[in-house]
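Asker: Starting off with a structure, shown below.
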Amino acid sequence: MEPPSERSGILILRVWVEDGRPDSFRARIIRTIGAHQQPPSAVSAVDDVHAAVQAWLNDLLGPGR
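The numbers in UniProt numbering rise by one with no breaks, and the one at position 57 of the sequence shown is 57.
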């Protein structure tokens with residue numbers, strides 16, 4: 001029996017607020033697509049979180065989605 005040809009992935013965002021900092025928050029991003037896990041990354045800007053989610057979705061959905 002062959003495994004399903006579905007593509008799947010996991011995106012974990014851990015966000016916390018740090019008082020007294022101009023950027024005020026941190027986000028740790030963990031991404032997988034299939035069996036491949038990318039190295040974790042950390043960001044401190046909302047636009048960087050948006051960009052990471054968009055890039056992960058683009059990778060997961062692939063060209064011609």
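Note that CB positions come from ideal geometry on N, CA and C, so glycine has one too.
Could you tell me the distance, in whole angstroms, from the CA atom of D59 to the CA atom of L13?
Answerer: 17 angstroms
Asker: Rounded to whole angstroms, what is the Cα-Cα separation between G62 and R26?
Answerer: 28 angstroms
Asker: Determine the burial state of I10: buried for a count of at least 16 other Cβ atoms within 10 Å of its Cβ, exposed for fewer.
Answerer: exposed
Asker: Run through the DSSP bridge pairs and tell me what G9 is partnered with.
Answerer: I33
Asker: Please report the straight-line C-alpha distance between A55 and R28, rounded to a whole angstrom.
Answerer: If I take the Cα positions, the gap works out to 15 angstroms.
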